[in-house]
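Visitor: Dropping a structure here in structure tokens format, bear with me for questions.
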Amino acid sequence: MYLQVEQRARAYVVRQTDHAHCLMFNVYQMLEQWLNAVVNDCDPAFAREEGKI
Numbered sequence: 001m002y003l004q005v006e007q008r009a010r011a012y013v014v015r016q017t018d019h020a021h022c023l024m025f026n027v028y029q030m031l032e033q034w035l036n037a038v039v040n041d042c043d044p045a046f047a048r049e050e051g052k053i
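When you line the sequence shown up against full-length UniProt numbering, it's residues 1 to 53, in that order.
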């Protein structure tokens, strides 16, 4: 009985940790896209060199 509870708790923690990593990754990607957009808006020449336009 106790072992089952422990296994369940472990699985839950692993899932939550995976979810947190996923969330952080998504936030990071959003920030990266936003930064690219800001750079493109502020510096079209830089954007052209990067091949974005």
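Where a beta carbon is used, it is the ideal one built from N, C-alpha and C, also for glycine.
Source: prediction; values computed, not measured.
For residue 34 and residue 21, what's the separation of their Cα atoms in angstroms?
Guide: Within the sequence shown, residue 34 is the residue found at index 34, counting from 1. Within the sequence shown, residue 21 is the residue found at index 21, counting from 1. C-alpha separation (whole angstroms): 20 Å.
Visitor: Along the alpha helix (DSSP H) that carries residue 41, what are the first and last residues, could you check?
Guide: Looking up residue 41 in the sequence shown gives position 41. Unbroken alpha helix (DSSP H) run through residue 41: 2-42.
Visitor: Between the alpha carbons of residue 17 and residue 25, how many angstroms are there, rounded?
Guide: The residue given as residue 17 occupies position 17 in the sequence shown. The residue given as residue 25 occupies position 25 in the sequence shown. Whole-angstrom Cα-Cα distance: 12 Å.
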